[in-house]
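Participant: Numbering (the numbering used here), first residue to last: 8 to 288. Glycine included, every Cβ here is placed at the ideal spot set by N, Cα and C. This one's a predicted model, so the numbers in the text were calculated from it and none came from an experiment.
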Amino acid sequence: MMLAVKQGFDEDYSSQSAILGERGLHQILDAGRAWDISHVLNRGGSAIFPHAYLSKCGDQIAAVVHGCLDSGADQVLVLGVIHTRENEQLKQARLQESKGEKITDETHWGVFPEFAGEYSLLHFKTLWDTEVKRRGIKPPKLIMRYPCLVNGKPESLLGIEELERMAKDSVIVITADLVHNGVAYTTDVQLEIGAEAERFTREGIAEMFTLLNQEDYSSFISRCIYFRNDARDPLTVLRYLLGQMQPHLLDLRLVDTVDLFVNDPAPSWVATSLMTLEKSL
8 MMLAVKQGFD EDYSSQSAIL GERGLHQILD AGRAWDISHV LNRGGSAIFP
58 HAYLSKCGDQ IAAVVHGCLD SGADQVLVLG VIHTRENEQL KQARLQESKG
108 EKITDETHWG VFPEFAGEYS LLHFKTLWDT EVKRRGIKPP KLIMRYPCLV
158 NGKPESLLGI EELERMAKDS VIVITADLVH NGVAYTTDVQ LEIGAEAERF
208 TREGIAEMFT LLNQEDYSSF ISRCIYFRND ARDPLTVLRY LLGQMQPHLL
258 DLRLVDTVDL FVNDPAPSWV ATSLMTLEKS L
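1) Going by C-alpha distance, which of Lys175, Asn158, Arg50 is nearest Leu242?
2) Going along the chain, which residues of its own chain have a beta-carbon closer than 6 Å to the beta-carbon of Ser275, five neighbours each way excluded?
3) Leaving out five residues before and five after Lys13 in sequence, what residues of the same chain have Cβ atoms less than 7 Å from its Cβ?
4) When you compare the CB positions of Trp116 and Leu61, do they come within less than 8 Å of one another, or not?
5) By how many angstroms is the C-alpha of Thr279 removed from the C-alpha of Leu198?
6) DSSP on Leu164, reduced to helix/strand/coil?
7) Could you please give the first and the last residue of the uninterrupted beta strand (DSSP E) stretch that includes Gln82?
8) Quick one: give me the first and last residue of the beta strand (DSSP E) that Arg260 is part of.
9) Alpha carbon to alpha carbon, how far is Gly201 from Lys98? Give it in angstroms, no decimals.
10) Roughly how many angstroms lie between the CA atoms of Arg230 and Leu218, to the nearest whole one?
11) Assuming Leu256 contacts Ile179 (C-beta within less than 8 Å), just tell me the rounded distance between them.
12) I'd like the span of the alpha helix (DSSP H) that includes Ala278, first residue to last.
13) Leaving out five residues on either side along the sequence, give the residues of the same chain with a beta carbon under 6 Å from the beta carbon of Pro146.
14) Once the 5 residues before and after Ala59 are set aside, which same chain residues still bring their CB inside 6 Å of it?
15) Can you check whether the CB of Ala69 is closer than 8 Å to the CB of Leu48?
16) Could you please give the first and the last residue of the uninterrupted alpha helix (DSSP H) stretch that includes Leu134?
17) For Ala204, does the count of other Cβ atoms within 10 angstroms reach 16, so buried, or fall short, so exposed?
18) Just to confirm, are Ile89 and Phe122 a CB contact at a threshold of 8 Å?
19) Going by DSSP in three states, Ile232 sits in which element: helix, strand or coil?
20) My assumption, with CB atoms under 8 Å, is that Ser21 sits in contact with Leu185. Please give the rounded CB distance.
21) What is the DSSP secondary structure of Val47, counted as helix, strand or coil?
22) Using the Cα positions of Arg101 and Pro254, report the straight-line distance between them to the nearest angstrom.
23) Could you check if His73 is buried or exposed, using at least 16 other CB atoms within 10 Å of its CB as the buried criterion?
24) Nearest to Glu93 by alpha carbon, out of Arg172, Asp43, Met9, Ala80?
25) What are the boundary residues of the alpha helix (DSSP H) that includes Ser105?
26) For chain C, find out if any of its Cβ atoms is closer than 8 Å to the Cβ of Val12; answer yes or no.
27) Pick helix, strand or coil for Asn158, following the three-state DSSP scheme.
28) Could you check the C-alpha separation between Leu32 and Glu285 for me, to the nearest Å?
Written out as structure tokens, the structure is:
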């Protein structure tokens with residue numbers, strides 16, 4: 008479902024913080040002060056941050072870091088995305104999932120404290136550590152988990168009981184790149200970055216959250232595949248843990264990703280989003 012990325016992608020992605028240096032990271036963290044989401048987290052809500060390049064969406068990530076630190080929480084639970092990429096076993100498991108087949112192979116099914124080669128929480132952790140150091144504080148306990156192959160059945164996911172226990176005492180946030188589009192992602196509809204693409208993205212996000220709130224997981228998974236939403240696993244788990252949520256899209260950017268892929272396939276882009284999810288009364 009995605010074309011090959013250029014050699015060196017992982018190194019380029021992980022080296023961004025070193026290239027920016029402490030001063031550059033502080034600038035990103037300062038820019039993240041444009042939004043205050045702590046009140047949503049205080050009231051039992053959640054937030055979504057992206058995981059594209061720091062230079063493109065770092066301030067959106069930083070806003071959630073600040074929100075967690077300013078919330079007064081003693082514990083923060085962050086749910087990450089597991090990308091399929093070159094993992095052939097996981098690709099096959101995803102294919103089974105898309106067919107609605109039951110998955111019990113614990114190699115990829117369950118909730119993982121870490122996952123080899125996964126990068127979706129790397130920038131969040133970097134900004135978290137940088138801001139904690141800058142503030143000179145004892146931070147909340149940070150717990151990172153990666154749910155995988157939820158398959159619309161969060162209640163039976165291996166490890167869900169531990170997450171339920173953690174959730175009772177935690178602020179919970181997740182990472183998600185909710186829409187990918189274009190040649191590189193082999194989408195049915197391929198749009199140039201612009202007003203039509205933004206409208207497509209906003210409507211898609213709204214549709215997916217409507218289905219999620221309705222617990223129509225089959226339709227939700229189908230639309231996640233259509234829009235190339237990489238976070239159907241953590242989103243499904245979040246819905247299970249927190250119940251119905253009212254989504255608010257605070258910031259949306261369409262980021263060109265053409266130069267990340269072999270042969271520069273155009274158009275190709277990812278939507279990076281900063282969102283809050285308020286608990287429904």
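Facilitator: A quick look at the data gives this:
1) Within the sequence shown, the letter at position 235 stands for residue 242. Comparing Cα-Cα distances from Leu242 to each of Lys175, Asn158, Arg50, the minimum goes to Asn158.
2) Residue 275 sits at position 268 when you count from the first residue of the sequence shown. So the list reads Gly189, Val190, Ala191, Thr264, Val265, once near-sequence residues are dropped.
3) The residue you call residue 13 lines up with position 6 of the sequence shown. Result list for Lys13: Leu267, Phe268, Val269, in chain order.
4) Locating residue 116 in the sequence shown gives position 109, where the first residue counts as 1. Locating residue 61 in the sequence shown gives position 54, where the first residue counts as 1. The answer is no: Cβ separation not under 8 Å.
5) Here the question's residue 198 lines up with position 191 in the sequence shown. Here the question's residue 279 lines up with position 272 in the sequence shown. Taking the straight line from one Cα to the other gives about 16 Å.
6) Residue mapping note: residue 164 aligns to position 157 of the sequence shown, counting from 1. Coil.
7) For the purposes of this step, residue 82 is identified with residue 75 of the sequence shown, where counting begins at 1. Gln82 -> beta strand (DSSP E) spans 82-86.
8) The sequence position of residue 260 within the sequence shown is 253, counting from 1. Residues 252-263.
9) On the sequence shown, residue 98 is found 91 positions in, with the first residue counted as 1. On the sequence shown, residue 201 is found 194 positions in, with the first residue counted as 1. Looking at the two C-alpha atoms, the distance is approximately 32 Å.
10) For this step, residue 230 is matched to residue 223 along the sequence shown. For this step, residue 218 is matched to residue 211 along the sequence shown. One C-alpha to the other measures close to 9 Å.
11) Numbered from its first residue, the sequence shown carries residue 256 at position 249. Numbered from its first residue, the sequence shown carries residue 179 at position 172. 19 Å between Cβ atoms; not a contact.
12) Here the question's residue 278 lines up with position 271 in the sequence shown. No alpha helix (DSSP H) holds Ala278; the beta strand (DSSP E) holding it covers 275-286.
13) Mapped onto the sequence shown, residue 146 falls at position 139. So the qualifying residues of the chain are Val139.
14) For this step, residue 59 is matched to residue 52 along the sequence shown. If we look at Ala59 and ignore the five residues flanking it on each side, its Cβ neighbours are Val262, Val277, Thr279.
15) As a working note, residue 48 is residue 41 in the sequence shown. As a working note, residue 69 is residue 62 in the sequence shown. No, they are not a contact pair.
16) The sequence position of residue 134 within the sequence shown is 127, counting from 1. Element bounds for Leu134: 129-142.
17) Translated into the one-based positions of the sequence shown, residue 204 becomes position 197. By the 10 Å Cβ count, Ala204 comes out buried.
18) For the purposes of this step, residue 89 is taken as the residue at position 82 of the sequence shown. For the purposes of this step, residue 122 is taken as the residue at position 115 of the sequence shown. Result yes, Cβ atoms of Ile89 and Phe122 sit closer than 8 Å.
19) Counting from one through the sequence shown, the residue named residue 232 turns up at place 225. Ile232: helix per DSSP, three-state reduction.
20) Looking up residue 21 in the sequence shown gives position 14. Looking up residue 185 in the sequence shown gives position 178. Actually they are not in contact, since the Cβ atoms of Ser21 and Leu185 sit about 23 Å apart, beyond 8 Å.
21) Locating residue 47 in the sequence shown gives position 40, counting from the first residue. Of the three classes helix, strand and coil, the one that applies to Val47 here is helix, per DSSP.
22) Here residue 101 is taken as the residue at index 94 of the sequence shown, counted from 1. Here residue 254 is taken as the residue at index 247 of the sequence shown, counted from 1. Taking the straight line from one Cα to the other gives about 27 Å.
23) Residue 73 sits at position 66 when you count from the first residue of the sequence shown. Flag for His73 reads buried.
24) As a working note, residue 93 is residue 86 in the sequence shown. For the residues Arg172, Asp43, Met9, Ala80, the minimum Cα distance to Glu93 belongs to Met9.
25) Looking up residue 105 in the sequence shown gives position 98. That run of the alpha helix (DSSP H) goes 95-105.
26) No chain C appears in the structure shown, which is made up of a single protein chain.
27) Position 151 of the sequence shown, counted from the start, is the residue given in the question as residue 158. It is coil, neither helix nor strand.
28) On the sequence shown, position 25 is the one that residue 32 refers to. On the sequence shown, position 278 is the one that residue 285 refers to. Going from the Cα of Leu32 to the Cα of Glu285 covers about 29 Å.
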